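Data first, discussion second: the structure below is written as structure tokens.
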Amino acid sequence: MMKKNLLMVLGGIAAASISANAAADAAADYMANCNSCHFAPIAPALQAPGVGDKAAWASRIAKGMDALYDTALNGSKVNPVMMPKGGSSLSDDAVKAVVDYMVAQSK
Ligand code: HEC
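If you're matching positions, the sequence shown starts at 168 in this note's numbering and goes up one per residue.
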């Protein structure tokens, strides 16, 4: 079930990558690398905070941005599904910019 959801979403990523502007901005980086798990309708099934889901983000935002950057860069210490950089090859700065984007959409 979870695997099937992920596979369905991978198709969405491919489509999003093609339509994304060539400019590597945070929103495009998010769509290409993070939306597969953080897309709000899917996220709860993965125990990930969905972007735009204020309730899911409140306690995380309360930890402070440094804690969120740390999880995003180094992976979650409690849930291995959140891999370092979400499994992407983005630069550290690009990952942080995506975290800023996700938080801005979710508070
Ligand atoms: C394979 C699924 C998956 C992908 C891809 C993914 N995440 Fe996550 N993410 C998760 C899960 C699951 C959690 C919850 C982890 C936890 O509770 O510790 C999470 C949590 C987070 C958090 C909250 C961390 C905290 O300390 O509360 C941030 C920020 C985050 N992800 C950023 C990103 C960014 C940025 C990307 C893309 C570069 C990304 N994620 C890609 C699954 C994913």
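All C-beta atoms, glycine included, are put in the ideal place defined by N, C-alpha and C. Note that the coordinates shown come from a computational prediction; the quantities given were computed from them, not determined experimentally.
Indicate the three-state DSSP secondary structure (helix, strand or coil) for residue i in the structure shown.
i, result
"P251", "helix"
"L240", "helix"
"I209", "coil"
"S258", "coil"
Out of curiosity, what's the CA-to-CA distance linking residue i and residue j?
i, j, result
"A190", "A264", "With a pLDDT of only 37 at A190, under the threshold of 50, the placement of this residue in the model should not be trusted, and no figure is reported."
"A193", "A261", "7 Å"
Assign residue i to one of two classes, buried (16 or more other C-beta atoms within 10 Å of its C-beta) or exposed (fewer than that).
i, result
"M232", "exposed"
"N200", "buried"
"V245", "exposed"
"K221", "exposed"
Among the residues of its own chain, which have a CB less than 7 Å from the CB of residue i, if the five just before and after it don't count?
i, result
"G250", "Sequence check: residue 250 is Met here, not Gly. So the list reads G242, once near-sequence residues are dropped."
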